[in-house]
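Participant: Chains as they are written, first to last, in the working numbering: chain E, 12 to 486; chain W, 3 to 271.
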Amino acid sequence: MENINNTYRESIISEATTLRWEVGENFHDSLMESIYKNASEIAAHSVTKKNKQQNHTFDQKLDKIITSRMFGFPAMFIVLAVVFWVTIIGSNAPSAMLASVLIDKIHPWLKEIAAAISTPLWISGLLIDGAYLGMAWVVSVMLPPMAIFFPLFTLLEDFGYLPRVSFNMDSLFRKAGAHGKQALTMSMGFGCNVAGVIATRVIDSPRERLIAIITNNFALCNGRWPTQILIATIFIGGAVPGYLAGIASAGAVVGVALLGVVLSLVVSWGLSRTVLKGEASTFSLELPPYRPPRILRTLYTSLIDRTAIVLWRAVIFAVPAGLVIWLVSNITIEGISLAEYFINWSNPFGLLFGLNGVILLAYIIAIPANEIVIPTILMLTVLTLGMNSVGAGDGVMFELESVNATADIFKAGGWTLLTGINLMLFSLIHNPCSTTIYTIYKETRSLKWTTVSALLPVVMGFIITFFVAQIWRLI
Amino acid sequence: MSNSLIHNCETCPAHNVGNLTKLGINMDNFDFVVALAGNPNTGKSTVFNALTGLKQHTGNWPGKTVTRAEGGFLYNNKKFKLVDLPGTYSLLSTSTDEEVARNFVLFGQPDVTVIVVDSSRLERNLNLVLQVLEITNRAVLCLNLIDEAKRHSIIIDERKLSKDLGIPVVPTSARYDEGINELLKMIYEVATGAFVCKPYKIKTESKQVKNAVEKLNGKLLQAFPKLPNVNWVALRLLEGDQEIINAIRSGDLGSLEIKNFIPLLEEQT
Numbered sequence: 012m013e014n015i016n017n018t019y020r021e022s023i024i025s026e027a028t029t030l031r032w033e034v035g036e037n038f039h040d041s042l043m044e045s046i047y048k049n050a051s052e053i054a055a056h057s058v059t060k061k062n063k064q065q066n067h068t069f070d071q072k073l074d075k076i077i078t079s080r081m082f083g084f085p086a087m088f089i090v091l092a093v094v095f096w097v098t099i100i101g102s103n104a105p106s107a108m109l110a111s112v113l114i115d116k117i118h119p120w121l122k123e124i125a126a127a128i129s130t131p132l133w134i135s136g137l138l139i140d141g142a143y144l145g146m147a148w149v150v151s152v153m154l155p156p157m158a159i160f161f162p163l164f165t166l167l168e169d170f171g172y173l174p175r176v177s178f179n180m181d182s183l184f185r186k187a188g189a190h191g192k193q194a195l196t197m198s199m200g201f202g203c204n205v206a207g208v209i210a211t212r213v214i215d216s217p218r219e220r221l222i223a224i225i226t227n228n229f230a231l232c233n234g235r236w237p238t239q240i241l242i243a244t245i246f247i248g249g250a251v252p253g254y255l256a257g258i259a260s261a262g263a264v265v266g267v268a269l270l271g272v273v274l275s276l277v278v279s280w281g282l283s284r285t286v287l288k289g290e291a292s293t294f295s296l297e298l299p300p301y302r303p304p305r306i307l308r309t310l311y312t313s314l315i316d317r318t319a320i321v322l323w324r325a326v327i328f329a330v331p332a333g334l335v336i337w338l339v340s341n342i343t344i345e346g347i348s349l350a351e352y353f354i355n356w357s358n359p360f361g362l363l364f365g366l367n368g369v370i371l372l373a374y375i376i377a378i379p380a381n382e383i384v385i386p387t388i389l390m391l392t393v394l395t396l397g398m399n400s401v402g403a404g405d406g407v408m409f410e411l412e413s414v415n416a417t418a419d420i421f422k423a424g425g426w427t428l429l430t431g432i433n434l435m436l437f438s439l440i441h442n443p444c445s446t447t448i449y450t451i452y453k454e455t456r457s458l459k460w461t462t463v464s465a466l467l468p469v470v471m472g473f474i475i476t477f478f479v480a481q482i483w484r485l486i
Numbered sequence: 003m004s005n006s007l008i009h010n011c012e013t014c015p016a017h018n019v020g021n022l023t024k025l026g027i028n029m030d031n032f033d034f035v036v037a038l039a040g041n042p043n044t045g046k047s048t049v050f051n052a053l054t055g056l057k058q059h060t061g062n063w064p065g066k067t068v069t070r071a072e073g074g075f076l077y078n079n080k081k082f083k084l085v086d087l088p089g090t091y092s093l094l095s096t097s098t099d100e101e102v103a104r105n106f107v108l109f110g111q112p113d114v115t116v117i118v119v120d121s122s123r124l125e126r127n128l129n130l131v132l133q134v135l136e137i138t139n140r141a142v143l144c145l146n147l148i149d150e151a152k153r154h155s156i157i158i159d160e161r162k163l164s165k166d167l168g169i170p171v172v173p174t175s176a177r178y179d180e181g182i183n184e185l186l187k188m189i190y191e192v193a194t195g196a197f198v199c200k201p202y203k204i205k206t207e208s209k210q211v212k213n214a215v216e217k218l219n220g221k222l223l224q225a226f227p228k229l230p231n232v233n234w235v236a237l238r239l240l241e242g243d244q245e246i247i248n249a250i251r252s253g254d255l256g257s258l259e260i261k262n263f264i265p266l267l268e269e270q271t
């Protein structure tokens, strides 16, 4: 019985094959034609338009500027720069306030309670100096910039600006042998690389999709924006006269973000000329109408959707990282902690790249989440300096009332403008976070391409920081 | 007397407002499955959020949703599971995101497919609508962004449109929560069979195609008597769609029930 069914079903398929020859080659086109024809008849029957031209003009005028050859790119830089400038200027005061509450007030208070109920020192150290401070640091450093940056970015998105950005970038990506839609997936990556990698599903060709996945990491993500903003504020803003500080640091962050775009084009170009050869396919991108953003709803959803989720993720990773930091700096062999061993050993290596041992160790501890790089660096710096006047002891993420206090620590740690610049570069160009790597594996199902996506950026990061450091020292 | 009063209440839309419970992602033991299909950037995710109370991220650009999002709502004591599909321009090509949408409507056989269109670009959006109507017999057209169409002085006679397409047509502006109640009511009516759709079928002019489709239809119906979208399957066979061929070869085409199919789809996405 089953066999008869099988034969019958096969006969349907073979009949279809015969008939396919009869209906001819242009069957698909003629089918599409009849669909279009039917659609236009139905639409004509029920749609009436009055004075067509009137309201389109605003959209058209705006598009003429935003997507023009002359003004398209400058407009893009200006928009991005304004967003960062507002973020940098706006987040300083709330950051200081959060730090003073969470770190100056609550932390000693917790310690007092722990002492009052005579908790063993190692437990209070591990939980309060390690885990709690790790979390408090992440909240005070990251919450204010995120709470300003994400709503602004979401408003731009809601208004319809992002597709125009891809429209402007499309020809560049095509010249690089990549799919024009990569501009869209890159824009998603500016929020989160995991989202960006998943978004590459809109690209049909596997070759172009792989290129988009591998290069998505060059789009600065949520976890890295705060690092960029903070380091730019301290080192770039600190290197210019006070009245220029805000603009210079915003400019530096835009510069790093644009460098990411350039790198993603260069790497796409390289890949499509070598291991992923092929022609770029064409596609049509529909520019959506501009829509008045719904400000309150955008604020609400971007705070819930992005800020809260990213912050939560950071906190989740910061707690164990805080524990690890406390452990590596309190487990000692012959009076020297594990962290110090590693830092002393890797310091010469780090200096070669204009970085230092602290930064290298921080990047290893922070593989699970880019968000905790800065807190980890600060803590480790204080530890190696033995700055007991600042911190409350080894492995404690100490109190910092403002960006100035953070700057003092970096400077005491022997940081220079070069360290700052190279940290910004390395933060842009290094391996994706563990979640992104896992997502890449899930999407490609290929160990080979996952390894390439993870290692290519680190290697590039070391090469680029090395050359920057050497050239800097020559000058 | 009191019974008839209650009955009157239930038919009044104002009563139904209070009757909608947004269930978020809590959607066990649902009675009906509703799919949301449509072109990119027509506001599917906004409609999805309005119905489920979820906060699926929305954005003004095409291609925001690439996987399926699911949520649930309770309306008139019936539990609905709502599936937000990625936006596509057509069901005839095979990129991953378009496949997800097509496979769900075709193999998943949702109880109702809501097709969300951009009212200010109706003609272009209708291409997809006609293709969806080839696949399924139970659909509701959601004329979304109707406020934008009005702003552009475009007026749509939804009654004529509904008559032409043979399915309910509901103008909405999901961003402002307008028309959501009417949409719910029509979803409910189509799901329960209170409204019987007579969907428009694409008319081809080529006689050869017509004959070929008719021949294949006969054979297909013998093998898969319950197939609701035989015309479309025939057309796809004529184009040599490998996935349809495989489904026929394995016999899967006939035996698919949504409840068995959902876990399969989840693996895929």
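Note that beta-carbon positions come from the ideal geometry of N, C-alpha and C, so glycine has one too.
1. Check whether chain W comes within 8 Å of Lys61 of chain E, counting only Cβ atoms and requiring the distance to be less than that.
2. Where Asn442 of chain E and Gly431 of chain E are concerned, what is the direct C-alpha to C-alpha distance, given to the nearest angstrom?
3. Short check: CB of Leu439 of chain E to CB of Gly200 of chain E, under 8 Å?
4. Can you check which of these residues, E:Ala243, E:Ile336, E:Val267, is closest to Ala256 of chain E by C-alpha distance?
5. Kindly indicate if chain E contains any beta-carbon less than 8 Å away from that of Arg177 of chain W.
6. Could you name the residues that DSSP lists as bridge partners for Glu150 of chain W?
7. Hey, which unbroken runs of the beta strand (DSSP E) at 3 residues or more fall wholly within the region 30-63 of chain E?
8. Shortest alpha-carbon distance to Glu219 of chain E belongs to which of E:Ser260, E:Ser275, E:Pro85, E:Pro237?
9. Quickly, what does DSSP pair Gly40 of chain W with across the bridge? List them, please.
10. May I ask which residues mark the beginning and end of the beta strand (DSSP E) holding Asp86 of chain W?
11. Roughly how many angstroms separate the alpha carbons of Phe478 of chain E and Leu434 of chain E, rounded to a whole number?
12. Count the other CB atoms, across all protein chains shown, that sit within 10 Å of the CB of Trp426 of chain E; report buried if there are 16 or more and exposed otherwise.
13. Can a CB atom of chain E be found closer than 8 Å to the CB of Val116 of chain W?
14. Less than 8 Å between CB atoms is the rule here; does Asn129 of chain W satisfy it with respect to chain E?
15. Taking just the CA atoms, how far does Thr196 of chain E sit from Ser79 of chain E?
16. Mind checking who Glu72 of chain W pairs with in its DSSP beta bridge?
17. Quick check on the burial criterion: 16 or more other C-beta atoms within 10 angstroms. Buried or exposed for Asn227 of chain E?
18. Quick check on this structure: which residue in W:Lys80, W:Thr44, W:Ala249, W:Pro42 has the alpha carbon closest to the alpha carbon of Val36 of chain W?
19. Is it buried or exposed, Pro85 of chain E, if we count other Cβ atoms within 10 angstroms and call 16 or more buried?
20. Name the one or two DSSP bridge partners that Thr23 of chain W has.
21. I need the straight-line Cα distance from Lys221 of chain W to Ile137 of chain W, nearest angstrom please.
22. From what residue to what residue does the alpha helix (DSSP H) around Val171 of chain W run?
23. Under the rule that 16 or more other beta-carbon atoms within 10 Å means buried, what is Trp63 of chain W, buried or exposed?
24. Between Leu154 of chain E and chain W, is any beta-carbon pair separated by less than 8 Å?
25. Within 8 Å of any Cβ in chain W, is that where the Cβ of Val58 of chain E sits?
26. Over what stretch of residues does the alpha helix (DSSP H) that includes Ile137 of chain W continue unbroken?
27. At the 8 Å Cβ level, is Pro300 of chain E part of the contact set with chain W, yes or no?
28. Quick one: what's Ala141 of chain W bridged to in DSSP?
29. Taking Cβ-Cβ distances below 7 Å as the criterion, which residues of the region 195-207 of chain W are in contact with chain E?
30. Can you tell me where the alpha helix (DSSP H) holding Ile100 of chain E begins and where it ends?
31. From Gly406 of chain E to Tyr311 of chain E, what distance separates their C-alpha atoms?
32. Strictly under 8 Å for the Cβ-Cβ distance: is Ala214 of chain W near chain E by that measure?
33. On a CA-only basis, which of E:Ala325, E:Lys192, E:Ile225, E:Ile383 is nearest Leu458 of chain E? Give me that one, please.
34. Within the continuous alpha helix (DSSP H) that includes Ile475 of chain E, where are the two ends?
35. Between Ile157 of chain W and Thr59 of chain E, is the Cβ-Cβ spacing less than 8 Å?
36. Does chain E have any CB closer than 8 Å to the CB of Asn231 of chain W?
Facilitator: Let's see:
1. Under the Cβ criterion of 8 Å, Lys61 of chain E is counted among the residues facing chain W.
2. CA-to-CA, the gap between Asn442 of chain E and Gly431 of chain E works out to about 19 Å.
3. 8 Å or more divides the Cβ of Leu439 of chain E from the Cβ of Gly200 of chain E.
4. Measuring from the Cα of Ala256 of chain E, the nearest candidate turns out to be E:Ala243.
5. For Arg177 of chain W, the answer is yes, since a Cβ of chain E falls inside 8 Å of its Cβ.
6. DSSP lists no partner for Glu150 of chain W.
7. DSSP runs (the beta strand (DSSP E)) wholly in the region 30-63 of chain E: 58-60.
8. That would be E:Ser275, whose Cα lies nearest to the Cα of Glu219 of chain E.
9. Bridge partners of Gly40 of chain W: W:Val118.
10. Residues 80-86.
11. In a straight line, the C-alpha of Phe478 of chain E is about 14 Å away from that of Leu434 of chain E.
12. Buried: at least 16 other Cβ atoms inside 10 Å.
13. Contact with chain E is absent for Val116 of chain W, since none of that chain's Cβ atoms lies less than 8 Å from the residue's Cβ.
14. So yes, Asn129 of chain W belongs to the interface.
15. Linking Ser79 of chain E to Thr196 of chain E through their CA atoms gives a straight-line distance of about 22 Å.
16. W:Val85, per the DSSP bridge assignment.
17. Answer is buried; the Cβ neighbour count reaches 16.
18. Comparing alpha carbon positions, the residue from W:Lys80, W:Thr44, W:Ala249, W:Pro42 closest to Val36 of chain W is W:Lys80.
19. Burial state of Pro85 of chain E is exposed, judged by a 10 Å Cβ sphere holding fewer than 16 other Cβ atoms.
20. Answer is W:Leu76.
21. For Lys221 of chain W and Ile137 of chain W, the distance between alpha carbons rounds to 18 Å.
22. Note, Val171 of chain W: premise wrong, no alpha helix (DSSP H); beta strand (DSSP E) at 171-173.
23. Reliability of the predicted coordinates at Trp63 of chain W is poor, the pLDDT of 49 falling under 50, and the value obtained from them is presented with this limitation in mind. It is buried - the Cβ of Trp63 of chain W has at least 16 other Cβ atoms within 10 Å.
24. Using a Cβ-Cβ cut-off of 8 Å, Leu154 of chain E does not count as an interface residue toward chain W, since no Cβ of chain W sits closer than that to its own.
25. Chain W contact via Cβ: present.
26. For Ile137 of chain W, the uninterrupted alpha helix (DSSP H) segment begins and ends at 124-137.
27. Yes, Pro300 of chain E lies at the interface with chain W (some Cβ there is under 8 Å from its Cβ).
28. Assignment of beta-bridge partners to Ala141 of chain W by DSSP yields W:Thr115.
29. Taking 7 Å as the Cβ-Cβ cut-off against chain E, the residues of the region 195-207 of chain W that qualify are Ile204, Lys205, Thr206, Glu207.
30. From DSSP, the alpha helix (DSSP H) with Ile100 of chain E extends over 83-110.
31. Unreliable positioning characterises Gly406 of chain E in this predicted model, as indicated by a pLDDT of 43, which lies under 50. The coordinate reading is nonetheless provided below. For Gly406 of chain E and Tyr311 of chain E, the distance between alpha carbons rounds to 37 Å.
32. So, interface residue.
33. When each option's Cα is compared against that of Leu458 of chain E, the closest is E:Ile225.
34. Per DSSP, Ile475 of chain E belongs to the alpha helix (DSSP H) from 458-485.
35. Closer than 8 Å, so yes.
36. No - not a single Cβ of chain E is within 8 Å of the one on Asn231 of chain W.
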